[in-house]
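Undergrad: The following block contains the structure, expressed as structure tokens.
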Amino acid sequence: MAGPSYFETGAGRRLAYHRTDGAGPGVVFLGGFMSDMEGTKALALEDWAREAGRAFLRFDYSGHGQSDGAFTEGCIGDWAADARAVIEGLTEGPQILVGSSMGGWISAILARDIPEKLAGFVGIAAAPDFTEDSMWAGFSAEDRARLEADGVVYLPSDYGDPYPITRRLIEDGRQNLVLRAPLAMDVPVRLLQGTADEDVAREVALALLDHIDAPDLRLTLVKGADHRFSTPECLALVIAAIDEVTR
1 MAGPSYFETG AGRRLAYHRT DGAGPGVVFL GGFMSDMEGT KALALEDWAR EAGRAFLRFD
61 YSGHGQSDGA FTEGCIGDWA ADARAVIEGL TEGPQILVGS SMGGWISAIL ARDIPEKLAG
121 FVGIAAAPDF TEDSMWAGFS AEDRARLEAD GVVYLPSDYG DPYPITRRLI EDGRQNLVLR
181 APLAMDVPVR LLQGTADEDV AREVALALLD HIDAPDLRLT LVKGADHRFS TPECLALVIA
241 AIDEVTR
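Position one of the sequence shown corresponds to residue 1 (UniProt numbering), numbered consecutively onward.
Set out below in structure tokens:
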């Protein structure tokens, strides 16, 4: 497979991406926290888009994957700005955003900030406001003191090395919360959530379901599916959801 192309944002961040030409509305995959565009879901959707003749974009946020920058220097606001920059710079017309985990939060920010670029939203284990409602809320007094003193704490991960959680990540997250104010999406929305997800509880999906104001909004709970949501059956549900929100 050919290497990525690169896009430089107005903030000077150099982001890696792969773009597939095709018909609209285009589909943009927004990955999760410390993940990259080479994951199973992103590649499967790219294969589907190519076969279907649909425009498709996958990319790495700064500090992720093949993009420039250090992960520990980034935050939700930076990564949302990265996503906005590549969508505005590399796509034409409204797009269907497919947001996985943190990508679901970033999709919600984009839906609020650039609604004219939104054709539909598919959330996969979407994790809005997780820096506040999951990380900060779950920190012990010792964790909070260490974060204040050292600027970083490390959380265990089932996917490899511990997650470095910076004070900037937490503080910036508070400036980008989406569940504290009305969240309108005047497009079809599909939320997909596994019941065996140990990273994002089904209550988060229910909160997002209740919070989004959309004319066509459905939540599908998949019994036994985990956070990766990458089995053939789960991938088929993602593609079906994209088909449902395509006008």
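Where is the CB? At the ideal position from N, CA and C, for every residue including glycine. Remember, it's a predicted structure, so these values are computed and weren't measured experimentally.
Near R146, which residues of its chain fall below 7 Å by C-beta distance, leaving aside the five closest residues on each side in sequence?
TA: Excluding positions up to five away in sequence, the list reads V153.
Undergrad: Leaving out the 5 sequence neighbours to the left and right, which residues in its chain are closer than 6 Å to H211 when beta-carbon positions are compared?
TA: Here the set comprises L179, L183.
Undergrad: For the alpha helix (DSSP H) that V204 lies in, which residues bound it at each end?
TA: Its alpha helix (DSSP H) spans residues 202-211.
Undergrad: To the nearest angstrom, how far is it from the Cα of A240 to the Cα of T220?
TA: Cα to Cα, A240 sits roughly 12 Å from T220.
Undergrad: With which residues is E8 paired in a DSSP beta bridge?
TA: Partner(s): R14.
Undergrad: Rounding to the nearest angstrom, what Cα-Cα distance links V187 and D216 in this structure?
TA: Distance between the alpha carbons of V187 and D216 is about 7 Å.
Undergrad: Pull up the distance between the alpha-carbon of S101 and that of G123, whole angstroms please.
TA: Cα to Cα, S101 sits roughly 8 Å from G123.
Undergrad: Within this structure, are the beta carbons of G103 and G31 separated by less than 9 Å?
TA: Contact flag set, yes.
Undergrad: According to DSSP, is V86 part of a helix, a strand, or is it coil?
TA: Reduced to three states, the DSSP call for V86 is helix.
Undergrad: Does DSSP put S134 in a helix, a strand or coil?
TA: Residue state, collapsed to three classes: helix.
Undergrad: With a cut-off of 8 Å on the beta carbons, I'd call A119 and P25 a contact; round off their distance for me.
TA: With 8 Å as the limit, A119 and P25 qualify as a contact, their Cβ atoms being about 4 Å apart.
Undergrad: Quick check on the DSSP output: the alpha helix (DSSP H) that includes G103 runs from which residue to which?
TA: Unbroken alpha helix (DSSP H) run through G103: 102-113.
Undergrad: Take G224 as the anchor and find which of A42, A201, D133 has the nearest alpha-carbon.
TA: Measuring from the Cα of G224, the nearest candidate turns out to be A201.
Undergrad: By alpha-carbon positions, which one of E198, S35, R54, V28 ends up nearest to A85?
TA: Nearest C-alpha to A85: V28.
Undergrad: Between which two residues does the alpha helix (DSSP H) harbouring A52 extend?
TA: Counting along the chain, the alpha helix (DSSP H) containing A52 begins and ends at 40-52.
Undergrad: My guess is that G65 and A127 are in contact by the Cβ rule of under 8 Å, so how many angstroms apart are they, rounded?
TA: Incorrect: roughly 19 Å between the Cβ atoms, too far for contact.
Undergrad: Can you say whether L155 is buried or exposed, counting buried as having 16 or more other CB atoms within 10 angstroms of its CB?
TA: Label assigned to L155: exposed.
Undergrad: Determine which residues share a DSSP beta bridge with Q95 and list them.
TA: DSSP lists G26, L118 as partners of Q95.
Undergrad: Helix or strand or just coil, what does DSSP make of V178?
TA: Three-state DSSP puts V178 in coil, outside helix and strand.
Undergrad: Tell me whether the segment 80-94 and the segment 40-54 touch, counting them as touching only if at least three CB pairs, one residue from each stretch, are closer than 8 Å.
TA: With the cut-off at 8 Å, the segment 80-94 and the segment 40-54 do not touch.
Undergrad: With distances taken from CA atoms, which of S67, L237, D243, L208 is nearest A181?
TA: Ranking S67, L237, D243, L208 by Cα distance to A181 puts L208 first.
Undergrad: Tell me which residue opens and which closes the beta strand (DSSP E) that residue 280 is part of.
TA: The first residue shown for the chain is 1 and the last is 247, placing residue 280 beyond what the model contains.
Undergrad: Tell me, to the nearest whole angstrom, how far the beta carbon of F59 is from that of M37; I am working on the premise that it is less than 8 Å.
TA: The pair is a contact, with the Cβ atoms about 6 Å apart (cut-off 8 Å).
Undergrad: Who are the Cβ neighbours of T166 in its own chain at under 7 Å, not counting the five residues just before and after it?
TA: Cβ neighbours of T166 beyond the five flanking positions: T72, G151, V152.
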